[in-house]
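S.K.: One structure, pasted below without further comment.
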Amino acid sequence: MREAISRSKRLDGRDLDEMRTLEIELGIIGKADGSSRVRLGNSEVVAGVKVETGEPFEGLENKGALILSAEVLPTASPYVEPGPPDEETIELARVVDRGVRESEMVDLGKLALIPGKVVYVIFVDCSIINYDGNLFDASSYAVVSALMSSKLPVFEVQEGEAVVNTGKKMDPPLTTIPVSITAVKIGDSVILDPTAEEEACMDARITITTNSEGKFAALQKGSTGSFTIDQIKKAAEIARIKGEEVRTKIKELTSNGH
Amino acid sequence: MREAISRSKRLDGRDLDEMRTLEIELGIIGKADGSSRVRLGNSEVVAGVKVETGEPFEGLENKGALILSAEVLPTASPYVEPGPPDEETIELARVVDRGVRESEMVDLGKLALIPGKVVYVIFVDCSIINYDGNLFDASSYAVVSALMSSKLPVFEVQEGEAVVNTGKKMDPPLTTIPVSITAVKIGDSVILDPTAEEEACMDARITITTNSEGKFAALQKGSTGSFTIDQIKKAAEIARIKGEEVRTKIKELTSNGH
Amino acid sequence: MREAISRSKRLDGRDLDEMRTLEIELGIIGKADGSSRVRLGNSEVVAGVKVETGEPFEGLENKGALILSAEVLPTASPYVEPGPPDEETIELARVVDRGVRESEMVDLGKLALIPGKVVYVIFVDCSIINYDGNLFDASSYAVVSALMSSKLPVFEVQEGEAVVNTGKKMDPPLTTIPVSITAVKIGDSVILDPTAEEEACMDARITITTNSEGKFAALQKGSTGSFTIDQIKKAAEIARIKGEEVRTKIKELTSNGH
Amino acid sequence: MVQTRSLIDEHGRRTDGRTMDELRNVKIQVGIVKNADGSAYIEFGKNRIIAAVYGPREVHPKHLAQPDRCVLRCRYHMSPFSTDTRKNPAPSRREVEISKVMREALEPSLMLEDYPRAAIDVFVEVLQADGGSRCAGITAASVALADAGINMRDIVPACAAGKVDGKIVLDINDVEDKEGSADMPLAYMPHLERVTLLQLDGILNQEEFNECLDKALQGCKMIYEIQRRALIQKYFGDEQELKEES
Amino acid sequence: MVQTRSLIDEHGRRTDGRTMDELRNVKIQVGIVKNADGSAYIEFGKNRIIAAVYGPREVHPKHLAQPDRCVLRCRYHMSPFSTDTRKNPAPSRREVEISKVMREALEPSLMLEDYPRAAIDVFVEVLQADGGSRCAGITAASVALADAGINMRDIVPACAAGKVDGKIVLDINDVEDKEGSADMPLAYMPHLERVTLLQLDGILNQEEFNECLDKALQGCKMIYEIQRRALIQKYFGDEQELKEES
Amino acid sequence: MVQTRSLIDEHGRRTDGRTMDELRNVKIQVGIVKNADGSAYIEFGKNRIIAAVYGPREVHPKHLAQPDRCVLRCRYHMSPFSTDTRKNPAPSRREVEISKVMREALEPSLMLEDYPRAAIDVFVEVLQADGGSRCAGITAASVALADAGINMRDIVPACAAGKVDGKIVLDINDVEDKEGSADMPLAYMPHLERVTLLQLDGILNQEEFNECLDKALQGCKMIYEIQRRALIQKYFGDEQELKEES
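Just so you know, the protein sequences line up as chains A, B, C, D, E and F, in that order.
Under the numbering used here, the final residue of the first sequence carries the number 831; numbering is consecutive throughout.
Under the numbering used here, the final residue of the second sequence carries the number 831; numbering is consecutive throughout.
Under the numbering used here, the final residue of the third sequence carries the number 831; numbering is consecutive throughout.
Under the numbering used here, the final residue of the fourth sequence carries the number 248; numbering is consecutive throughout.
Under the numbering used here, the final residue of the fifth sequence carries the number 248; numbering is consecutive throughout.
Under the numbering used here, the final residue of the sixth sequence carries the number 248; numbering is consecutive throughout.
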């Protein structure tokens, strides 16, 4: 494969900078306040949004809380062991979280109820059903589209500081659409949206998230190889351009029926 | 053994539908609000009831909470590893719990203090000291007799919603006596109250709990074999009849000194 | 080594009842409310004091809470596995705790804020950086000197039972200086302040803590050997005498810059 | 269980419009998890469940291998967003118990002696939970095992019956489970005529008990047909199905 | 420790009516856990404790085996109903420490070199806890080890002494432990004359320290007699005991 | 990130008095953990961090060993007293992630193929945490690896740049991390000219992104000098250093 890639060929016929087909299905989990099933090639992720009330995080007393988790289900590949999240899954969840959080996609400042005491708590959980590479982007797109399609319960503060669910629903206060683009280096080539096979022989990985204005919001270099400064600057530029393409696609796929 | 059982003989000379001797000793744990030591043949279980106050379960705001746990102590057999409860012990605790809960033995509706906020919390914990088969029934009888012999502390709600222990004691609000009967299938025979040796070669197990009216309240098929529909209907009938016998025995053994 | 010790010689040239050099550096963790780095020979421990408010312990409603933990860092020796504290580390933390607690070094009765509800909570945590024997004494000296050098935040109870940090600092209410002395038996000899090498061939260990009045406050026999009654009485006497020497040393080392 | 409102109307219709003997909508898709050796996705009422099978394969750690048979392992797990209130992702005691009875419900249908020293893993993920998720999970898992090509003695459909407003009804949904008075899940091998899972929560007299058992059995036979069609659909396509039906 | 009320009256009687040198009631039954290789049940004041021994037996995992001696393992555990407030069943740091000192208290009495590559497990379950449960547990465990036929150099009785109302007293109970000013548990091999466990909580001067140690030692000797009788009772019955006493 | 007060004054000075391109005080001591094969202590602003290396050594459990290379393991851990509010000693998700990226930042610098079947363990303990503890930890760990005599292709310095009050500045401290608008930690092998760690939190446009990257790179080169001197100091003493500088 390394040899093929050095000649700008990929096993599935894609160009080096070509993403796989992205499919998004919304609302598949009726019990969730928002949900999405994303297929990026053969990688498949279901994300669900659940909204409750709870205490704010320390130091962020006037903001709603956003809590993101991921589980790579043992259905996803023969190599997954059921159990608490391992190092890689923790990194995955934290990188996806960082894209959402640092881009300030959700305006958490609008989700406090009683500052310092009670705020909206938004759980976004990802279940990875099938693994065929690039879980960073697949999970990120699932989370972003689940949030975009979500309807939050409207809570109200009553006298005596009781917080009640009014039964009404509202759109979440969203400000931007963060899109992550993951590239991996194999030999001297840098390719986008790697499959499981490609990840198995990658030297290094880089995931770059941009917001709707094309600004960078988060970045994570991963794996045990290294990049030159130029490779990184180039990857950033590609992430900006490809990110905009994916953003357009996500908008299109999530606007059906909205 | 399979051969002997097929000729309606058991190693300990019992008939196929004969239970082992049941002994019940009450009040052995003075610090508990109720306690019982049950010997069913060589299987031995100590159960203790502890009553505290706490929050109700979600969805059951107007009811006391009943929490049942079991530990198979490493004293019980050479094969027990100390540690958190395994799959079998969790099943054991949940099946015993189901018999008590579904028969509504304890009228939990009478054990709320401040609905939605503070209720009686009844812990019933089983320590299995020696294992010689049929822990389901031995633990169930220990739990039921510990509850029957228990005296609950009387809590009172004072002004300002403070809950205080009055120092008084009361009988628990009991409505029925659930009795479980466990049968196992070995070859084509169905035997009651299996020993450890018999369990080692069983194909399937069924535990059926009846209440004082002879109605069915809970059932659990276990192990990797299967039953015919007729075997189940017959087991249900036997559970009703034998259950009544055991109920009479439990009443007799727990009435001493009351 | 056993043979040398039987002739009253130690590998590092010390007398049987001679302690190694004790070094104490205070205030190295500016973010802590008190801190200390102790070197006893090549054993090295950092202790930090953090003060918060919280609920009192059950049965001790009118007292501040003192919570002591220890971690033997994997830096400390090739044989330490990272992970939750093992049996030996739990014993270490509990023995150091007992010396501080039973001597009533900190007058916890002065650290309640709203009796039964809110009290000062003093965390003292030890990180063992390098292991060369006698962690009991090294950790104990680190904890005691960190407490001696600590400045506690002053909390105040305002109307409506709100507890606020005033931003002021106060000395902790200390009553005595507990000092532990650890002796180990190798063959028929009893030696003080063992190195790692000496501990590796010890038969039994005894740690005795005295207070500033020379009274005994805590004792722990450890390891799988045994002592005669006379050996213990003698060890107690030595602990009193050597304890006073170490106490003088600690006072001296902690008074610099105070 | 608390009886708070009428769960069956004057026309014998239940809260979701079903008659007493009617199943909820059940849809099974075979082979939807690309990496698995076999898989199935089931919609059973509002249940949304994926079952994936890996194996027969090597056992890790090796000392768990059996010299004369295959080890069957089973995990029933609920995604955090599957329930009304968010579920903690760590396995609950309930999930541990269901994993056990699910394994015991599937094991009699498998020719485990054909794969000595190996293991088969069945992973059941509940993406959305409605009443009867364990029955739906067993139903999907049995189809996934067939899809994986495991040697089987029979397929295992599962279905519950229960008591609601004093009547025995088929296939208890979420509301009926919470507010009804009894729930009896059953798994049954239709050709071998054997019960492989049976549980009961709630009060039934002897007559009701037998009626409930028989009704759940009928449900299993209906579920079996749906399992069969889903497998035919996968392996022979729509055409074959039409031919067969004609 | 808090001194809130008088724990010794004008006649030198303690809260439970004992004199300063009196043990609580101690009763030992040998061999009560059917499956164990050795076992004992002890009532020591209000303590109700079971000790069971399994071994010598194979070690799992194998790499823990020692080529030249037997591995001794020990678990001290409290049942959830054993204490005034319900105890969480997960082992506390206190239970971990007591398990360790208990093992170290028993090990010197055992000829572990006689069983290379094997393990002996001692399980001590506190069904009801009173003051001195670690001493009662060691006492019962040592009898259970004898009952299991393990080669022993000595039996290990254990007993505490302490300081209450300014006086050194034998065998501290629950109230005296909480409200008294010092507690010193001791385990002692009476024939080898060796201390195998010693701890101290609370303040004693040198003189009191020595008095306390001597008093606990006397307690151990009294406990030893009770251990001996319990073993004779088991193996030779009442008759033998009567003969011997005559 | 919240912008609440001015973090750069009219003279271009930051809250701790530094200019835009100035590092905090960095001090490295080599070889301070006696038992370790290599170690370093770093003070980096208010960070106080110890890095210790054990290995190359045998791998436990053995099945983790690699036939053709050494396994590198890395733990980043914070002492409970290292942070403003006491930190729970159990490893947080943040610590797990940092342990991973730290390992990946160090691995390209090591000739792991020289030690087949072995393991090298790097333990980084944060005694006091300030902004940039991961960079300080990598910096110290790389020195500790050199001190352990591991075959290396390069040393790995690490340093962050970020955006504060609309300006790109070097080496973000705690306040700037919390109140600034972007933080970009970088680890860089100065001779091989390769980036081994890069992260970004916060908003930057393309130009700022490149500026930030370049600034962090300059920081790494400055840190590298400090690493080099610390190692020379250890191995050749002050004299050598003076000679070299003259």
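Just so you know, even glycine gets a beta-carbon here, dropped at the ideal spot from N, CA and C.
For D156 (chain F), I'd like the list of residues in its chain whose CB is within less than 6 Å of its CB, leaving aside the five on either flank, ordered along the chain.
M.R.: Locating residue 156 (chain F) in the sixth sequence gives position 154, where the first residue counts as 1. So the list reads S111, M191, H193, L194, once near-sequence residues are dropped.
S.K.: So, are the CB atoms of S41 (chain F) and A143 (chain F) less than 7 Å apart?
M.R.: Translated into the one-based positions of the sixth sequence, residue 41 (chain F) becomes position 39. Translated into the one-based positions of the sixth sequence, residue 143 (chain F) becomes position 141. No, the pair does not count as a contact, with Cβ atoms beyond the cut-off.
S.K.: Can you pull the DSSP bridge partners for A53 (chain F)?
M.R.: Counting from one through the sixth sequence, the residue named residue 53 (chain F) turns up at place 51. DSSP lists F:A42, F:V126 as partners of A53 (chain F).
S.K.: Using a Cβ cut-off of 8 Å, which residues of the stretch 79 to 110 of chain D contact any Cβ in chain A, in chain order?
M.R.: If the cut-off is 8 Å between Cβ atoms, the stretch 79 to 110 of chain D has H79, S81, P82, F83, S84, T85, D86, T87, R88, P91, A92 near chain A.
S.K.: Residue ranges of each beta strand (DSSP E) run of no fewer than 3 residues wholly in the stretch 597 to 628 of chain C, ordered along the chain?
M.R.: Fully enclosed beta strand (DSSP E) runs of 3 or longer: 607 to 613, 616 to 627.
S.K.: Is it buried or exposed for F238 (chain F), if we count other Cβ within 10 angstroms and need 16 for buried?
M.R.: Here the question's residue 238 (chain F) lines up with position 236 in the sixth sequence. By the neighbour-count rule (16 or more Cβ atoms within 10 Å), F238 (chain F) is not buried but exposed.
S.K.: Determine whether the beta carbon atoms of L129 (chain F) and S84 (chain F) lie at a separation below 7 Å.
M.R.: Residue mapping note: residue 129 (chain F) aligns to position 127 of the sixth sequence, counting from 1. Residue mapping note: residue 84 (chain F) aligns to position 82 of the sixth sequence, counting from 1. Contact flag set, yes.
S.K.: Would a C-beta distance cut-off of 7 Å place I695 (chain C) and L639 (chain C) closer than the cut-off?
M.R.: In the third sequence, counting from the first residue as 1, residue 695 (chain C) sits at position 122. In the third sequence, counting from the first residue as 1, residue 639 (chain C) sits at position 66. Against a cut-off of 7 Å, the Cβ pair of L639 (chain C) and I695 (chain C) comes out as a contact.
S.K.: Does the stretch 678 to 690 of chain A come close enough to the stretch 730 to 750 of chain A that 3 or more CB-CB pairs lie under 8 Å?
M.R.: yes
S.K.: Determine whether the beta carbon atoms of V845 (chain C) and F709 (chain C) lie at a separation below 7 Å.
M.R.: Any answer about residue 845 (chain C) is impossible in this case: the structure gives chain C only from 574 up to 831.
S.K.: What are the boundary residues of the alpha helix (DSSP H) that S144 (chain D) is part of?
M.R.: On the fourth sequence, position 142 is the one that residue 144 (chain D) refers to. Residues 135 to 149.
S.K.: Would you tell me roughly how many angstroms separate the C-alpha atoms of F125 (chain E) and E227 (chain F), rounded to the nearest one?
M.R.: Position 123 of the fifth sequence holds residue 125 (chain E). Position 225 of the sixth sequence holds residue 227 (chain F). Those two C-alpha atoms are separated by around 59 Å.
S.K.: I'd like to know whether the C-beta atoms of S712 (chain C) and V618 (chain C) end up nearer to each other than 7 Å.
M.R.: The residue you call residue 712 (chain C) lines up with position 139 of the third sequence. The residue you call residue 618 (chain C) lines up with position 45 of the third sequence. For S712 (chain C) and V618 (chain C), yes; Cβs fall inside 7 Å.
S.K.: Would you mind working out which of F:R196, F:A162, F:D216, F:I10 sits nearest G798 (chain A), comparing C-alpha positions?
M.R.: Here residue 798 (chain A) refers to the residue found at position 225 of the first sequence. The candidate whose alpha carbon is nearest that of G798 (chain A) is F:R196.
S.K.: Would you say A649 (chain C) and N703 (chain C) are within 7 Å of each other, going by their C-beta atoms?
M.R.: Locating residue 649 (chain C) in the third sequence gives position 76, where the first residue counts as 1. Locating residue 703 (chain C) in the third sequence gives position 130, where the first residue counts as 1. Result yes, Cβ atoms of A649 (chain C) and N703 (chain C) sit closer than 7 Å.
S.K.: Look up A121 (chain D) in the DSSP assignment and say whether it is helix, strand or coil.
M.R.: Here residue 121 (chain D) corresponds to residue number 119 of the fourth sequence, with the count starting at 1. Correct three-state label for A121 (chain D): strand.
S.K.: Please list the partners that Y56 (chain E) has in chain B, where partner means a Cβ-to-Cβ separation under 7 Å.
M.R.: Looking up residue 56 (chain E) in the fifth sequence gives position 54. By Cβ distance, chain B contributes P651.
S.K.: Along chain E, in chain order, which residues have C-beta atoms closer than 7 Å to that of L792 (chain C)?
M.R.: Looking up residue 792 (chain C) in the third sequence gives position 219. Simply L200, Q201, L202.
S.K.: Could you tell me which residues DSSP puts in a beta bridge with D590 (chain C)?
M.R.: Counting from 1 along the third sequence, the entry for residue 590 (chain C) is found at position 17. Looking at the DSSP output, D590 (chain C) bridges to nothing.
S.K.: Quick one: is R575 (chain A) near chain F, going by C-beta distance under 7 Å?
M.R.: What you label residue 575 (chain A) is simply residue 2 of the first sequence in a count that begins at 1. Not one chain F Cβ lies under 7 Å of R575 (chain A).
S.K.: Residues in its own chain within less than 7 Å of K169 (chain F) by CB, not counting five upstream and five downstream?
M.R.: Along the sixth sequence, read from residue 1 onward, the residue named residue 169 (chain F) stands at position 167. For K169 (chain F), where only same-chain residues beyond five positions count, the Cβ hits under 7 Å are I10, M22.
S.K.: Along chain D, which residues have their Cβ under 9 Å away from the Cβ of E675 (chain B)?
M.R.: Counting from 1 along the second sequence, the entry for residue 675 (chain B) is found at position 102. Simply M3, A184, L202, D203, G204, I205.
S.K.: Please report how far the alpha carbon of R71 (chain F) lies from the alpha carbon of L188 (chain F), in whole angstroms.
M.R.: On the sixth sequence, position 69 is the one that residue 71 (chain F) refers to. On the sixth sequence, position 186 is the one that residue 188 (chain F) refers to. The alpha-carbon atoms of R71 (chain F) and L188 (chain F) are separated by roughly 26 Å.
S.K.: Determine the contact status of P767 (chain A) and G706 (chain A), defining contact as a CB-CB distance below 7 Å.
M.R.: Start at 1 with the first residue of the first sequence, and residue 767 (chain A) comes out as number 194. Start at 1 with the first residue of the first sequence, and residue 706 (chain A) comes out as number 133. Yes, these two residues count as a Cβ contact at 7 Å.
S.K.: Could I get the ranges of all uninterrupted alpha helix (DSSP H) runs contained in the stretch 138 to 213 of chain D, with 4 residues as the minimum, in chain order?
M.R.: 176 to 181
S.K.: Would a C-beta distance cut-off of 7 Å place I663 (chain A) and E99 (chain F) closer than the cut-off?
M.R.: In the first sequence, residue 663 (chain A) corresponds to position 90, counting from 1. In the sixth sequence, residue 99 (chain F) corresponds to position 97, counting from 1. Yes. Within cutoff.
S.K.: Taking DSSP as the reference, what is the three-state secondary structure of F696 (chain A)?
M.R.: In the first sequence, counting from the first residue as 1, residue 696 (chain A) sits at position 123. It is a strand residue.
S.K.: How big is the Cα-Cα spacing for A53 (chain D) and H79 (chain D)?
M.R.: Within the fourth sequence, numbered from 1, the residue matching residue 53 (chain D) stands at position 51. Within the fourth sequence, numbered from 1, the residue matching residue 79 (chain D) stands at position 77. Each residue's Cα considered, the two are about 10 Å apart.
S.K.: Output yes or no for whether 7 Å exceeds the beta carbon distance between S718 (chain C) and I823 (chain C).
M.R.: As a first step, residue 718 (chain C) is located in the third sequence; it is residue number 145 there, counting from the start. As a first step, residue 823 (chain C) is located in the third sequence; it is residue number 250 there, counting from the start. Taking 7 Å as the Cβ cut-off, S718 (chain C) and I823 (chain C) qualify as a contacting pair.
S.K.: Assuming A233 (chain D) and A148 (chain D) are in contact, meaning their beta carbons sit under 8 Å apart, how far apart are those beta carbons, in whole angstroms?
M.R.: By 1-based counting over the fourth sequence, the position of residue 233 (chain D) is 231. By 1-based counting over the fourth sequence, the position of residue 148 (chain D) is 146. The amino acid at residue 233 (chain D) is misidentified as Ala; the sequence shows Leu. At roughly 6 Å, the Cβ-Cβ gap stays under 8 Å, so L233 (chain D) and A148 (chain D) are in contact.
S.K.: Output yes or no for whether 7 Å exceeds the beta carbon distance between Y693 (chain A) and G637 (chain A).
M.R.: Locating residue 693 (chain A) in the first sequence gives position 120, counting from the first residue. Locating residue 637 (chain A) in the first sequence gives position 64, counting from the first residue. Cβ atoms of Y693 (chain A) and G637 (chain A): closer than 7 Å.
S.K.: Looking at the structure shown, is R59 (chain E) part of a helix, part of a strand, or coil, going by DSSP?
M.R.: Position 57 of the fifth sequence, counted from the start, is the residue given in the question as residue 59 (chain E). DSSP places R59 (chain E) in strand when its eight states are reduced to three.
S.K.: To the nearest angstrom, how far is it from the Cα of Q5 (chain F) to the Cα of S183 (chain F)?
M.R.: In the sixth sequence, counting from the first residue as 1, residue 5 (chain F) sits at position 3. In the sixth sequence, counting from the first residue as 1, residue 183 (chain F) sits at position 181. With a pLDDT of 47 at Q5 (chain F), under the threshold of 50, the modelled position of this residue cannot be trusted, and the question is left open.
S.K.: Taking Cβ-Cβ distances shorter than 7 Å, what residues in chain E pair up with E644 (chain B)?
M.R.: If you number the second sequence from 1, residue 644 (chain B) lands on position 71. Within 7 Å Cβ-Cβ: P91.
S.K.: Does any residue of chain E bring its CB to less than 7 Å from the CB of P647 (chain B)?
M.R.: Locating residue 647 (chain B) in the second sequence gives position 74, where the first residue counts as 1. Output row for P647 (chain B): interface = yes.
S.K.: Would you say P655 (chain B) reaches chain E, if we count a Cβ-Cβ gap shorter than 7 Å as a contact?
M.R.: Locating residue 655 (chain B) in the second sequence gives position 82, where the first residue counts as 1. So yes, P655 (chain B) belongs to the interface.
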